[in-house]
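Report on the structure given below.
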Amino acid sequence: MALCNTVVPIKSNDGTVSYKAQSQDEEALVNAAAKLNMMLISKDTITAEICFNGSKFWYELLDILEFTSDRKRMSVVVKEGETGKILLLSKGADEALLPRACPGQQIQRYLEAVEMYSQLGLRTLCLGWRDLKENEYKEWSKNFQKASCSLDNREFKIAEVCNSLEQDLQILGVTAIEDRLQDGVPETIKLLRNAGINVWMLTGDKQNTAIQIGLLCNLITSGPNSQLLSISGKTEEDVLRSLERALFIMKNTSETKGLAFVLDGWALELILKHSKESFTRLAMLSKTAICCRMTPLQKAQVYLLLFIIVFNLPFDLYINP
Numbered sequence: 100m101a102l103c104n105t106v107v108p109i110k111s112n113d114g115t116v117s118y119k120a121q122s123q124d125e126e127a128l129v130n131a132a133a134k135l136n137m138m139l140i141s142k143d144t145i146t147a148e149i150c151f152n153g154s155k156f157w158y159e160l161l162d163i164l165e166f167t168s169d170r171k172r173m174s175v176v177v178k179e180g181e182t183g184k185i186l187l188l189s190k191g192a193d194e195a196l197l198p199r200a201c202p203g204q205q206i207q208r209y210l211e212a213v214e215m216y217s218q219l220g221l222r223t224l225c226l227g228w229r230d231l232k233e234n235e236y237k238e239w240s241k242n243f244q245k246a247s248c249s250l251d252n253r254e255f256k257i258a259e260v261c262n263s264l265e266q267d268l269q270i271l272g273v274t275a276i277e278d279r280l281q282d283g284v285p286e287t288i289k290l291l292r293n294a295g296i297n298v299w300m301l302t303g304d305k306q307n308t309a310i311q312i313g314l315l316c317n318l319i320t321s322g323p324n325s326q327l328l329s330i331s332g333k334t335e336e337d338v339l340r341s342l343e344r345a346l347f348i349m350k351n352t353s354e355t356k357g358l359a360f361v362l363d364g365w366a367l368e369l370i371l372k373h374s375k376e377s378f379t380r381l382a383m384l385s386k387t388a389i390c391c392r393m394t395p396l397q398k399a400q401v402y403l404l405l406f407i408i409v410f411n412l413p414f415d416l417y418i419n420p
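So the number in this note's numbering is just where the residue sits in the sequence shown, counting from 1, plus 99.
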């Protein structure tokens, strides 16, 4: 938590350390590590220094394998100053990290922890690491530099090289962070819904986390007249069948205020490819929707589709962003 990040520590005149980060999640994790006596005290583009129980350790920062919405993880390669040992430190979504665990680990216990935390509306990350042999790292580094300098399909090539290194990880555990609602959000959403304004949630969070947040902010309710329709499945046929089922229920329900549907990014990708017309009809009937595990591109796709629907524009204008 203290090293695998893009956080910048800032030391004040009185010696206290604060952190500047683009991601609030990263800042929270670094602060949590500091409270566990693993404090990041200095960092630049080359080295980082950690204070653990009063002893200082420095690390050479060799490479950063950046987070992307497709990879859903980030990693750093560091070299211990004292021993010269090279380490790969990784963090990311459970579906991006746990399949990369080395054989023999109790993965189920981490999946259960992720499920428990997401039921509480918390955002989760999994942490992992492994040793790298010097020859292995040198060979990988050459490929990484080559991919980074490529003029054709650069992002794809970098992702492929990163993927080759992020394997056989020792899973360390699962973190959970509460993303607190701002004051007045539940009241505001309730007023919007009472005024007849349809509200959709587009988020990158896991489904259970998104549903819990939807309940907390009055986007959806858990009353007897409420129903949350899940559009999901393990296969393309299952997803499209659940879409038609949700559309049938919407069409045949006289009062749809208590109805909402939830789908994830994988289901949306299949639907926009194979059944955009049915999804459009569902969108026109729905007062509320939760779209979870969305990439930035998918959020843009949903926004554009809703824009066309609301303003009754020709669907010829719909081009995947």
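All C-beta atoms in this analysis are idealised placements derived from N, C-alpha and C, irrespective of residue type, glycine included.
Asked                                                                                                        : Found
Helix, strand or coil at Met300 [DSSP, three-state]                                                          : strand
C-beta neighbour in chain D for Leu268, strict 7 Å                                                           : Given the protein chain composition of this structure (a single chain), no chain D is represented.
Ranges of the alpha helix (DSSP H) found wholly within the segment 323-396, counting only runs of at least 4 : 335-350, 364-373 and 375-384
For Val106, the nearest candidate out of Asp113, Gly114, Asn411 and Glu125 (CA to CA)                        : Glu125
Alpha carbon of Ala399 to alpha carbon of Phe406, nearest angstrom                                           : 10 Å
Residues near Gly191 in its chain [Cβ-Cβ closer than 6 Å; skip 5 each side]                                  : Lys171 and Arg172
Asn262 to Thr308 span [Cα, whole Å]                                                                          : 27 Å
Burial state of Cys201, where buried means 16 or more other Cβ atoms lie within 10 Å                         : exposed
Distance CB(Ile319)-CB(Ala359) smaller than 7 Å                                                              : yes
Distance between Ser189 and Gly227 (C-alpha atoms, nearest Å)                                                : 5 Å
Whole beta strand (DSSP E) elements within the segment 112-143, 3-residue minimum                            : 116-119 and 137-142
Cβ neighbours of Glu148 in the same chain (closer than 8 Å, five flanking residues each side left out)       : Leu139, Ile140, Ser141, Lys142, Lys155, Phe156, Trp157 and Tyr158
Pair within 7 Å by beta-carbon distance, Leu327 and Ile370                                                   : no
Asp230 (DSSP reduced to helix, strand or coil)                                                               : strand
Opening and closing residue of the beta strand (DSSP E) in which Met173 lies                                 : Arg172 to Glu179
Cβ contact (3+ pairs, closer than 8 Å) linking the segment 215-223 and the segment 329-339                   : no
Through-space distance from Ala133 to Asn152, alpha-carbon basis                                             : 10 Å
CB contact flag (Asp169, Arg222, <7 Å)                                                                       : no
C-beta atoms of Asp304 and Cys391 nearer than 7 Å                                                            : yes
Ile247, DSSP secondary structure in three states                                                             : In the sequence under discussion, the amino acid at residue 247 is Ser, which differs from the Ile named in the question. Correct three-state label for Ser247: helix.
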